[in-house]
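**Q**
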Amino acid sequence: MKGSSADVAPPWITELQRSLRPQLGGGADMRLIILGPPGAGKGTQASRIAEHFGIPAISTGDIFRANIKNETELGRQVKQILASGGYVSDEITNAIVEDRIAQADCEPGFLLDGYPRTLAQVGALDGMLAVREAQIDRVLELTVDDDAVVGRLLKRAEVEGRADDTEDVIRERMAIYHRETRPLSDTYRRRGALVAVDGLGSVDEVTARILAALT
Ligand code: ADP
Numbered sequence: 143m144k145g146s147s148a149d150v151a152p153p154w155i156t157e158l159q160r161s162l163r164p165q166l167g168g169g170a171d172m173r174l175i176i177l178g179p180p181g182a183g184k185g186t187q188a189s190r191i192a193e194h195f196g197i198p199a200i201s202t203g204d205i206f207r208a209n210i211k212n213e214t215e216l217g218r219q220v221k222q223i224l225a226s227g228g229y230v231s232d233e234i235t236n237a238i239v240e241d242r243i244a245q246a247d248c249e250p251g252f253l254l255d256g257y258p259r260t261l262a263q264v265g266a267l268d269g270m271l272a273v274r275e276a277q278i279d280r281v282l283e284l285t286v287d288d289d290a291v292v293g294r295l296l297k298r299a300e301v302e303g304r305a306d307d308t309e310d311v312i313r314e315r316m317a318i319y320h321r322e323t324r325p326l327s328d329t330y331r332r333r334g335a336l337v338a339v340d341g342l343g344s345v346d347e348v349t350a351r352i353l354a355a356l357t
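So the sequence shown is numbered by the working numbering: it starts at 143 and just counts up by one.
What follows is the structure, encoded as structure tokens:
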């Protein structure tokens with residue numbers, strides 16, 4: 143899973159991006175995390191926020207689903223795990239994120255959606271950032287209540303037909319979220335990085351709230 147040399151930006155690309163950044167209107171680097179329970183609307187908001195800041199949105203869930211669809215070796219390994227609502231191992235997930243954030247488009251920053259999801263992943267991410275002398279600027283937590291979220295996910299199941307959107311699996315994902323991922327809010331709150339945003343309302347309303355909270 144370690145990246146091939148092609149996954150790492152050659153120095154000239156990094157240099158070119160750095161010199162172009164003022165002309166592109168980019169300011170300081172922006173590294174964000176979006177946290178929230180399944181069905182909170184993280185993916186939708188992640189693309190909008192990432193576009194606003196001109197940084198890539200990186201969804202570990204999307205990466206896994208693309209690998210399942212393309213029947214890669216990784217896809218084969220994680221297919222059952224996703225279908226059951228469980229978490230992919232930290233080892234696999236960390237390696238994927240490490241490869242992804244080493245790519246050239248992540249030089250000005252990135253928005254992580256669905257990662258980190260465990261305290262061990264927080265530690266791994268800290269390590270990846272430390273070697274780059276970088277840090278996470280803000281952690282957005284989208285708050286929504288469990289019942290609203292289950293309703294949304296059941297609706298999504300009809301539209302997208304995701305294998306992990308059946309009611310039992312949804313309940314399982316919520317339980318795992320509360321046990322494994324919810325504690326991350328406290329970790330980032332203690333670090334002074336957490337920004338909690340109410341995730342109920344229209345997509346536009348929530349985007350406006352997030353942008354107001356970030357600027
Ligand atoms: P949602 O937030 O709606 O549950 P995601 O697309 O973020 O959906 O993730 C779907 C599934 O992918 C998760 O239930 C889990 O199996 C796997 N997954 C995604 N990100 C991670 C991660 N950081 N660690 C472990 N498993 C992950």
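Backbone N, C-alpha and C fix where the C-beta goes; we use that ideal spot for every residue, glycine too.
1. According to DSSP, is glycine 168 part of a helix, a strand, or is it coil?
2. For the alpha helix (DSSP H) containing isoleucine 205, list its first residue and its last residue.
3. Can you check DSSP and say which residues form a bridge with aspartate 255?
4. For threonine 349, which of helix, strand or coil comes out of DSSP?
5. Starting from the C-beta of arginine 242, find all residues in its chain whose C-beta is less than 6 angstroms away, skip the five residues before and the five after it, and write them out in chain order.
6. In the segment 258 to 323, which residue ranges form an unbroken alpha helix (DSSP H) of at least 4 residues, counting only runs that do not cross its ends?
7. What is the C-beta distance between valine 339 and leucine 284, in whole angstroms, given that I count them as a contact (C-beta under 8 angstroms)?
8. Please look up how many angstroms separate the CB atoms of alanine 276 and arginine 190, rounded, as I've assumed it's under 8 angstroms.
**A** Let's see:
1. Note on glycine 168: pLDDT 48, under 50, position unreliable in the model; the coordinate value appears next. Note: glycine 168 maps to coil in three-state DSSP.
2. 202 to 211
3. Ile176 and Ser201
4. helix
5. Ile200
6. 261 to 273, 288 to 302 and 309 to 318
7. 6 angstroms
8. That belief does not hold up - the Cβ atoms of alanine 276 and arginine 190 are roughly 23 angstroms apart, past 8 angstroms.
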